[in-house]
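Visitor: Handing you this structure, nothing more for now.
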Amino acid sequence: MHAREKYLPASTWTIGSRSPVKQHNSWRHLLRRPAESDAIAMRRLVAETGVLDVNSTYAYLLMATDFAETSIVADRDGEICGLITGYHPPTRPEVLFVWQVAVARATRGTGLAATMLDTLVHRVRRNRHGHPVTVEATVSPGNSASRALFGSFARRHGVPMVEQPCFTAAQLDPNNGHEDEPILSIGPLTAPLTD
Ligand SMILES: CC(C)(COP(=O)(O)OP(=O)(O)OC[C@H]1O[C@@H](n2cnc3c(N)ncnc32)[C@H](O)[C@@H]1OP(=O)(O)O)[C@@H](O)C(=O)NCCC(=O)NCCS
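Letter by letter, the sequence shown follows residues 1 to 195 in UniProt numbering.
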């Protein structure tokens with residue numbers, strides 16, 4: 001089993017109305033790679049958001065095994081209260097594609113998603129020996145919380161965020177039950193790692 005995440009330097013946090021360092025300090029001990037035993041709780045957390053596509057437990061098992069290195073969970077006393085699942089697209093290993101981000105309702109607005117994203121990207125960059133990484137995610141136009149999360153990530157790291165068309169509503173649901181999913185590309189993050 002992997003150890004808890006290493007700390008990010010406090011200097012990573014430069015803006016925000018909350019007390020960023022305090023928020024980071026309070027969440028950092030809870031972050032770790034997902035394990036097989038988390039898959040059911042991961043699926044449940046995604047289902048409880050009411051807005052994300054709920055995938056099979058099998059899919060979350062894959063994220064917790066083959067893709068654990070590019071995924072992260074927040075484990076508060078055995079309760080999974082936050083997650084990010086992600087992977088490196090096989091032909092673009094310099095990209096971290098963020099598939100799903102979820103935070104339990106009672107825990108929102110406390111900086112958990114931002115802390116998970118910063119910690120995961122830091123881990124991925126460290127694994128890639130400090131090489132630049134670009135974060136990608138598809139986000140529907142109506143998901144303002146998700147857009148705010150990625151926008152604030154871009155501002156915090158001083159990198160551009162570019163939006164382009166990607167998956168269309170018709171591709172996602174022939175019955176018009178899904179919005180378009182344009183893709184956000186954030187980066188590249190090139191700043192030298194300090195730890
Ligand atoms: C999106 C989500 C993960 C954000 O989690 P969170 O822990 O509350 O986010 P944070 O507290 O870390 O906030 C990160 C940034 O987003 C902003 N933000 C978060 N929720 C917001 C909302 N509902 N409206 C506007 N901005 C919001 C915060 O102000 C913060 O910006 P700042 O750093 O400039 O202050 C959470 O709302 C969620 O699980 N939503 C349902 C699932 C979902 O939509 N996932 C994203 C698609 S993959």
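Glycine is no exception: its CB is placed at the ideal position from the N, C-alpha and C atoms.
Model, not experiment: these values are computed from the prediction.
What is the rounded straight-line gap between the Cα of D173 and the Cα of L30?
Guide: Along the sequence shown, read from residue 1 onward, the residue named residue 173 stands at position 173. Along the sequence shown, read from residue 1 onward, the residue named residue 30 stands at position 30. Those two C-alpha atoms are separated by around 36 Å.
Visitor: Relative to the alpha-carbon of S56, which residue among T70, A41, E69 has its alpha-carbon at the smallest distance?
Guide: Mapped onto the sequence shown, residue 56 falls at position 56. Among T70, A41, E69, the Cα nearest to that of S56 belongs to A41.
Visitor: What residue from F150, G130, Q171 has the CA that sits closest to T194's CA?
Guide: Position 194 of the sequence shown holds residue 194. When only C-alpha atoms are compared, the closest one is G130.
Visitor: How many Å lie between Y58 and A68 at the Cα?
Guide: Position 58 of the sequence shown, counting from 1, holds the residue named residue 58. Position 68 of the sequence shown, counting from 1, holds the residue named residue 68. Answer to the nearest angstrom: the Cα atoms are 14 Å apart.
Visitor: If you draw a straight line from the C-alpha of N176 to the C-alpha of R43, how long is it?
Guide: Taking the first residue of the sequence shown as 1, we reach residue 176 at position 176. Taking the first residue of the sequence shown as 1, we reach residue 43 at position 43. Cα-Cα distance, rounded: 24 Å.
Visitor: Run the proximity test for N55: is its beta-carbon closer than 6 Å to any non-hydrogen atom belonging to ligand 1?
Guide: Locating residue 55 in the sequence shown gives position 55, where the first residue counts as 1. No - ligand 1 has no heavy atom lying nearer than 6 Å to the Cβ of N55.
Visitor: What alpha helix (DSSP H) runs, 4 residues minimum, are completely inside the segment 47 to 83?
Guide: Correct list: 57 to 64.
Visitor: Since A113 contacts L149 with CB under 8 Å, what's their CB separation in whole angstroms?
Guide: Walking along the sequence shown from the start, residue 113 turns up at place 113. Walking along the sequence shown from the start, residue 149 turns up at place 149. Yes, they are in contact, since the Cβ atoms of A113 and L149 sit about 5 Å apart, within 8 Å.
Visitor: Whole angstroms is fine: what's the gap from A104's alpha carbon to G187's?
Guide: For the purposes of this step, residue 104 is taken as the residue at position 104 of the sequence shown. For the purposes of this step, residue 187 is taken as the residue at position 187 of the sequence shown. If I take the Cα positions, the gap works out to 27 Å.
Visitor: Since residue 200 contacts L52 with CB under 8 Å, what's their CB separation in whole angstroms?
Guide: This structure gives no information on residue 200, because the portion of the chain shown stretches from 1 to 195.
Visitor: Taking the beta strand (DSSP E) that S185 falls in, what are its first and last residues?
Guide: The residue labelled residue 185 in the question sits at position 185 within the sequence shown. Looking at the DSSP string, the run of the beta strand (DSSP E) that includes S185 is 181 to 189.
Visitor: In angstroms with no decimal places, state the Cα-to-Cα distance between L62 and V159.
Guide: The residue given as residue 62 occupies position 62 in the sequence shown. The residue given as residue 159 occupies position 159 in the sequence shown. Roughly 31 Å separates the two Cα atoms.
Visitor: Are there 16 or more other CB atoms within 10 angstroms of the CB of E181, so buried, or fewer, so exposed?
Guide: Numbered from its first residue, the sequence shown carries residue 181 at position 181. It counts as buried.
Visitor: In chain order, what residues of the same chain have a beta carbon less than 7 Å from the beta carbon of E36, not counting five sequence neighbours either side?
Guide: Mapped onto the sequence shown, residue 36 falls at position 36. Excluding positions up to five away in sequence, the list reads L61, A64, T65.
Visitor: Less than 7 Å between the beta carbons of M161 and L184, yes or no?
Guide: On the sequence shown, position 161 is the one that residue 161 refers to. On the sequence shown, position 184 is the one that residue 184 refers to. Yes, Cβ-Cβ distance for M161 and L184 is below 7 Å.
Visitor: Could you round the C-beta distance between C81 and T115 to whole angstroms and report it? I think they count as a contact, below 8 Å.
Guide: The sequence position of residue 81 within the sequence shown is 81, counting from 1. The sequence position of residue 115 within the sequence shown is 115, counting from 1. 12 Å between Cβ atoms; not a contact.
Visitor: Taking only three categories from DSSP, how would you classify G177?
Guide: What you label residue 177 is simply residue 177 of the sequence shown in a count that begins at 1. Note: G177 maps to coil in three-state DSSP.
Visitor: Considering only their Cβ atoms, is the gap separating F153 from L117 smaller than 7 Å?
Guide: As a working note, residue 117 is residue 117 in the sequence shown. As a working note, residue 153 is residue 153 in the sequence shown. Contact: yes.
Visitor: Given this structure, state the Cα-to-Cα distance separating D38 from R28, to the nearest angstrom.
Guide: By one-based count along the sequence shown, residue 38 stands at place 38. By one-based count along the sequence shown, residue 28 stands at place 28. When rounded, the distance between both Cα atoms is 18 Å.
Visitor: Could you check which residue in G78, R76, Q100 has the C-alpha nearest to that of H46?
Guide: Counting from one through the sequence shown, the residue named residue 46 turns up at place 46. Inspection of the sequence shows that residue 46 is occupied by Val rather than by His. That would be Q100, whose Cα lies nearest to the Cα of V46.
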